[in-house]
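Residue numbers (the numbering used here): 2 to 682.
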């Protein structure tokens, strides 16, 4: 089937030129599948952003090799900031051929200002639709309608009932788990739908200005109406005609609109079970309703003396077994799956039953085998993805800088951002913290996603990458420690035009009164950027003797002290946009023996050993069949990791630990949460 990538790939013929310069203002070459295809043809992508970092990579990895008459991968230097290659250094322009690509040439019939706002994962569907689409060029609104119909599956003119509208909102905010993660609806498309829907008198009182652009608001809107629906079932009532309720009515609704939603409509019911299983909706407690064991309603109920958790676990096991991503999946597919896997893992670790644990361990082996194989082909393609939805941790500072730039005109005194890094927090452990944070701060809105840590998943590698805003190859001198984190954080923000007086940074947090800690660190009116390291989870991990279940229990006990909730709450009080992530996760694993190699390994971790050359690494890899030689992707010279595979560790045979350093899904895919306050009633 023809692809938009074909138009680009035909320009990349191996051995035509060892150096190619590309003007790529729409970041097309960094699109995941295209980047993989280029690597398979022998091309290596280097983005020209920081001239110093670029020179280090280019001169040490390529130019010096060519000067010796040796061969390397063919280099493609991207200039993604604009379409002007003339600003590149003269020696590059003299040595390389030049190319240029943009969305306008690939989608000539569609409005460029509209399509440039789309997630690149949507371009396949858009290209297929264009092949059979209009022959004449479409204007802005016609392009919006075309995209909504053919890409998002919403034909606005056919939405005439509440069930139609609810189904359309579900299609926009919740994708089928077997497909890629649902991209955020661009604001221009949301505004178009709001205008069309509001033109119908039937929908005039729906809070569409909140529900269309904001998935969290939409699911909160559904959550408020679910008890009303269940109460009607308990009384044996039929669902009545929609009755509009104002904000903060006697029912306590936060969002106005119809009191009754058609949850039992056949087009809506298919979503409900998944929404509750995945934690997007929360089951409610009820004891006065009898339902068949296979009823679709049961996933949304908690009943005393009924083992609903066992039912949920069984359904999650079925989902996980069916939906593990294929070999050609995107990183967003693995993020969606990791969120589902975390929901199941959290329930298994909280259970006292042995059978779910045994079943989970069997599936975990299969999942991680497939995940590591996928990483081998796709991991390198994640490094240069745009930071709009950060695919990797080093993209977080650029994401924060972009948010500051975009929100500054609307925010008095300028937008301020805070990044909380919880050292070692795994995604399934975040699932356990989520309800506790909500209990402590009910008005808290948690926009949940996930991102990829750096491999090996060591603090000195992955956490430094967060604060540097660069791949680990950019800080070779401190790759084995974390002492330069604050300096790297400062350097990044100074490159964005801020001064040291605008910045704050603090490590070693997790105990005491969070508000007092912040009061000593931050000037609430002057500080604009805050970086915080909470290392309590990592300390719990390295002293853990009770396995994964013990980790979950102790992390939740720590959360109940209120430190994390207080930290987030105070930052929100001071007007910061607050983000939380982790430098790596962790997993329970079993010792398979310690390599006895003296000082050959520069890092001797529980899940990873690091060697200065592949020659020194190879004998150990051969001696330990469970170990995997990891290529130095994005890593400094003379840094060659040997990863423990599956759920094994380089510790005493049979010893059980909770550790990190490898490439398991629990270590690599970590939480990425944005906190806000719920809309006031």
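We put the beta carbon where it would ideally sit given N, CA and C, even for glycine.
Keep in mind that this is a model prediction, so the values were computed, not measured.
Cβ neighbours of residue i in the same chain (closer than 7 angstroms, five flanking residues each side left out)
{"i": "residue 607", "result": "650, 651, 652, 658, 660, 662"}
{"i": "residue 225", "result": "254, 255, 256"}
{"i": "residue 489", "result": "465, 468, 469, 476"}
{"i": "residue 444", "result": "678, 679"}
{"i": "residue 673", "result": "391, 450, 451, 452, 582"}
{"i": "residue 522", "result": "505, 507"}
{"i": "residue 190", "result": "145, 148, 149"}
{"i": "residue 205", "result": "199"}
Neighbour-count burial assignment, residue i, 16 or more Cβ in a 10 Å radius
{"i": "residue 222", "result": "buried"}
{"i": "residue 474", "result": "buried"}
{"i": "residue 128", "result": "buried"}
{"i": "residue 202", "result": "exposed"}
{"i": "residue 558", "result": "exposed"}
{"i": "residue 42", "result": "exposed"}
{"i": "residue 527", "result": "exposed"}
{"i": "residue 397", "result": "buried"}
{"i": "residue 367", "result": "exposed"}
{"i": "residue 179", "result": "Only weak support exists for where residue 179 lies, its pLDDT of 33 falling under 50; the coordinates are left without a value."}
{"i": "residue 623", "result": "exposed"}
{"i": "residue 343", "result": "buried"}
{"i": "residue 2", "result": "exposed"}
{"i": "residue 347", "result": "buried"}
{"i": "residue 112", "result": "buried"}
{"i": "residue 188", "result": "exposed"}
{"i": "residue 92", "result": "exposed"}
{"i": "residue 424", "result": "buried"}
{"i": "residue 1", "result": "Summary: the structure shown does not reach residue 1, with the chain confined to residues 2 through 682, and so no result is reported for it."}
{"i": "residue 162", "result": "exposed"}
Coil, strand or helix - residue i by DSSP
{"i": "residue 404", "result": "helix"}
{"i": "residue 657", "result": "strand"}
{"i": "residue 675", "result": "strand"}
{"i": "residue 47", "result": "strand"}
{"i": "residue 248", "result": "Low local confidence applies: a pLDDT of 40 at residue 248 is under 50, so the model's placement there is unreliable, and no value is given."}
{"i": "residue 320", "result": "helix"}
{"i": "residue 56", "result": "helix"}
{"i": "residue 272", "result": "helix"}
{"i": "residue 26", "result": "coil"}
{"i": "residue 575", "result": "coil"}
{"i": "residue 630", "result": "strand"}
{"i": "residue 355", "result": "helix"}
{"i": "residue 31", "result": "coil"}
{"i": "residue 366", "result": "helix"}
{"i": "residue 586", "result": "coil"}
{"i": "residue 302", "result": "strand"}
{"i": "residue 186", "result": "coil"}
{"i": "residue 259", "result": "strand"}
{"i": "residue 488", "result": "helix"}
{"i": "residue 552", "result": "helix"}
Close Cβ partners of residue i (< 8 angstroms) along its chain, the five nearest in sequence each way excluded
{"i": "residue 100", "result": "12, 21, 22, 23, 24"}
{"i": "residue 684", "result": "Outside the modelled stretch of the chain, which goes from 2 to 682, sits residue 684, for which no answer is possible."}
Identified DSSP bridge partners for residue i
{"i": "residue 649", "result": "591"}
{"i": "residue 532", "result": "420, 506"}
{"i": "residue 393", "result": "453"}
{"i": "residue 222", "result": "In the DSSP output, where bridge partners are listed per residue, residue 222 has none listed."}
{"i": "residue 387", "result": "Partner(s): none; residue 387 has no beta bridge."}
{"i": "residue 1", "result": "The first residue shown for the chain is 2 and the last is 682, placing residue 1 beyond what the model contains."}
{"i": "residue 208", "result": "Answer by DSSP bridge pairing: none, since residue 208 is not bridged."}
{"i": "residue 76", "result": "20, 45"}
{"i": "residue 611", "result": "604, 642"}
{"i": "residue 580", "result": "420, 675"}
{"i": "residue 286", "result": "303"}
{"i": "residue 15", "result": "Its beta-bridge partners do not exist; DSSP assigns none."}
Neighbourhood of residue i by C-beta distance below 6 angstroms, restricted to the same chain and skipping five residues each side
{"i": "residue 152", "result": "123, 126, 127"}
{"i": "residue 580", "result": "420, 675"}
{"i": "residue 9", "result": "102"}
{"i": "residue 299", "result": "292"}
{"i": "residue 154", "result": "172"}
{"i": "residue 446", "result": "217, 677, 679"}
{"i": "residue 230", "result": "264"}
{"i": "residue 485", "result": "479"}
{"i": "residue 570", "result": "442"}
(request) Return the chain-ordered ranges of every beta strand (DSSP E) run that is complete within the segment 436 to 481 and spans a minimum of 3 residues. (result) The qualifying runs are 445 to 453.
(message) I'd like the ranges of any alpha helix (DSSP H) spanning at least 4 consecutive residues and lying wholly in the segment 79 to 156.
(response) Secondary structure remark: continuous alpha helix (DSSP H) runs of at least 4 residues inside the segment 79 to 156, in chain order: 91 to 96, 104 to 107, 113 to 116, 124 to 132, 141 to 151.
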